[in-house]
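Here is the structure we will look at, set down as structure tokens.
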Amino acid sequence: MNIFRFAGDMTHLISILVLLLKIYATKSCSGISRKTQELYALVFLARYVDIFTEFISVYNTIMKIVFIASTLAIVWCMRGHRVVRRSYDKELDTFRHYFLIAASLVLALLVHEKFTFQEILWAFSIYLEAVAILPQLVLLQRSGNVDNLTGQYVFFLGAYRGLYILNWIYRYFTEPHFSRWIACVSGLVQTALYADFFYYYFLSWKNNAKLKLPA
Amino acid sequence: KKKTSFKDEL
Numbered sequence: 002m003n004i005f006r007f008a009g010d011m012t013h014l015i016s017i018l019v020l021l022l023k024i025y026a027t028k029s030c031s032g033i034s035r036k037t038q039e040l041y042a043l044v045f046l047a048r049y050v051d052i053f054t055e056f057i058s059v060y061n062t063i064m065k066i067v068f069i070a071s072t073l074a075i076v077w078c079m080r081g082h083r084v085v086r087r088s089y090d091k092e093l094d095t096f097r098h099y100f101l102i103a104a105s106l107v108l109a110l111l112v113h114e115k116f117t118f119q120e121i122l123w124a125f126s127i128y129l130e131a132v133a134i135l136p137q138l139v140l141l142q143r144s145g146n147v148d149n150l151t152g153q154y155v156f157f158l159g160a161y162r163g164l165y166i167l168n169w170i171y172r173y174f175t176e177p178h179f180s181r182w183i184a185c186v187s188g189l190v191q192t193a194l195y196a197d198f199f200y201y202y203f204l205s206w207k208n209n210a211k212l213k214l215p216a
Numbered sequence: 052k053k054k055t056s057f058k059d060e061l
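Here the protein sequences line up with chains A and B, keeping their order.
Using our numbering, you'd call the opening residue of the first sequence number 2 and step up by one each time.
Using our numbering, you'd call the opening residue of the second sequence number 52 and step up by one each time.
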């Protein structure tokens with residue numbers, strides 16, 4: 002464990018807490034893409050299948066449980082909570098995310114570390130996570146001005162993978178046989194997808210203006 | 052063989 006990875010995990014946790022706060026405090030999920038939440042639930046379920054077979058550390062196991070439970074709770078809340086689900090932007094959240102799932106699955110079958118069930122699921126989860134934010138970014142562009150908590154949620158979610166890239170660079174230089182180009186390339190693509198969001202987020206912070214993504 | 056340490060990440 003290094004400071005970059007720990008900071009990345011904490012940033013990821015903060016993004017989920019901010020989202021939970023937004024939904025709980027405003028009893029609304031307007032501006033939140035349910036499709037991105039469903040993709041993330043799939044990412045965690047596919048990536049953490051080893052939660053019962055591979056014990057790495059208490060921290061690792063607890064974080065996996067927190068990520069799976071919180072994301073499933075958010076999806077349930079956006080689908081089932083009679084108050085929250087009314088504020089879901091159903092007509093704006095129209096990204097065809099099934100294509101993302103299919104593409105990630107095909108790519109995982111072609112490019113993986115080992116042709117085993119678990120490794121292919123892991124590669125699938127890595128590729129899917131890279132594109133999981135797309136429905137959310139499209140929804141932000143369509144829904145005009147973005148409320149603060151939603152903006153912070155997306156910001157922290159994008160920042161966490163950027164910190165992981167620093168973690169991989171650090172491990173590359175400090176661990177002899179460290180090579181994980183699948184996660185690295187995918188992590189770079191994932192972080193790059195946030196580039197324009199980060200730009201407009203920085204502008205809104207600098208000009209102390211409301212965050213607004215151009216349509 | 053020890054599992055690749057890589058899967059120790061979230």
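We treat Cβ as the ideally placed atom computed from N, Cα and C, and that holds for glycine.
Remember, predicted model here, so these are calculated numbers, not experimental data.
**Asked** Within this structure, are the beta carbons of A:L140 and A:D197 separated by less than 8 Å?
**Response** Annotated as distal: A:L140 and A:D197, with beta-carbon spacing of 8 Å or more.
**Item:** Straight-line gap, A:I33 to A:D90 (C-alpha atoms, nearest Å)
**Value:** 8 Å
**Request:** Taking A:G152 as the reference, give the member of A:Y202, A:E55, A:T27 and A:I134 with the closest Cα.
**Result:** A:Y202
**Message:** I'd like to know whether the C-beta of A:I24 is nearer than 8 Å to at least one C-beta of chain E.
**Reply:** Looking for chain E here will not work: the only protein chains present are A and B.
**Request:** Determine whether the Cβ of A:N208 lies closer than 8 Å to any Cβ atom of chain B.
**Result:** Using a CB distance cut-off of 8 Å, A:N208 does not count as an interface residue toward chain B.
**Prompt:** Of all Cβ atoms in chain A, is any one closer than 8 Å to the Cβ of B:K53?
**Reply:** The pLDDT assigned to B:K53 is 48, lower than 50, so where the model puts this residue is not dependable, and the model offers no usable value.
**Prompt:** To which residues of the same chain is A:V84 closer than 6 Å at the C-beta, ignoring the five residues directly before and after it?
**Reply:** K28
**Message:** Mapping the DSSP letters down to three states, classify A:K115 as helix, strand or coil.
**Reply:** coil
**Asked** How would you write the range of the alpha helix (DSSP H) that A:V44 sits in, first residue to last?
**Response** R35 to R48
**Asked** How long is the line joining the alpha carbons of A:E114 and B:K58, rounded to whole angstroms?
**Response** 12 Å
**Prompt:** Does the region 69-80 of chain A come close enough to the region 44-55 of chain A to have 3 or more Cβ pairs within less than 8 Å?
**Reply:** Segments in contact, yes.
**Prompt:** Which same chain residues, not among the five before or five after B:K54, have their C-beta less than 7 Å away from its C-beta?
**Reply:** In this prediction, B:K54 scores a pLDDT of 47, lower than 50, which makes its location untrustworthy; the coordinate-derived value is nonetheless stated afterwards. Closer than 7 Å at Cβ, skipping near neighbours: no residue.
**Message:** Just to confirm my understanding: we take A:T12, look at its own chain, exclude 5 residues before and 5 after, and list those with CB closer than 7 Å. What are they?
**Reply:** F157, A160, Y161 and L164
**Message:** Can you tell me which residues form a DSSP beta bridge with A:N146?
**Reply:** A:K213
**Asked** Looking at A:A133 and A:T37, is the spacing between their C-beta atoms short of 8 Å?
**Response** A distance below 8 Å separates the beta carbons of A:T37 and A:A133.
**Message:** Using a 10 Å radius around the Cβ and a threshold of 16 neighbouring Cβ atoms, would you call A:N208 buried or exposed?
**Reply:** exposed
**Asked** By a C-beta neighbour count over all protein chains shown, 10 Å radius and 16 as the cutoff for buried, is A:Y128 buried or exposed?
**Response** buried
**Request:** Put A:E176 into one of helix, strand or coil per three-state DSSP.
**Result:** coil
**Prompt:** Going along chain B, which residues have a C-beta under 8 Å from A:M64?
**Reply:** Simply L61.
**Item:** 9 Å Cβ cut-off: residues of chain B touching A:R86
**Value:** Neighbours of A:R86 on chain B: none; closest Cβ ~29 Å, over 9 Å.
**Prompt:** Is any heavy atom in the ligand GTP found nearer than 7 Å to the beta carbon of A:N208?
**Reply:** Looking at this structure, you won't find the ligand GTP or any other ligand, since it has none at all.
**Message:** Just to confirm my understanding: we take A:W123, look at its own chain, exclude 5 residues before and 5 after, and list those with CB closer than 7 Å. What are they?
**Reply:** R48
**Asked** What is the DSSP secondary structure of A:K23, counted as helix, strand or coil?
**Response** The three-state secondary structure of A:K23, taken from DSSP, is helix.
**Prompt:** Name the residues in the region 89-104 of chain A whose C-beta lies less than 9 Å from a C-beta of chain B; which are they?
**Reply:** none
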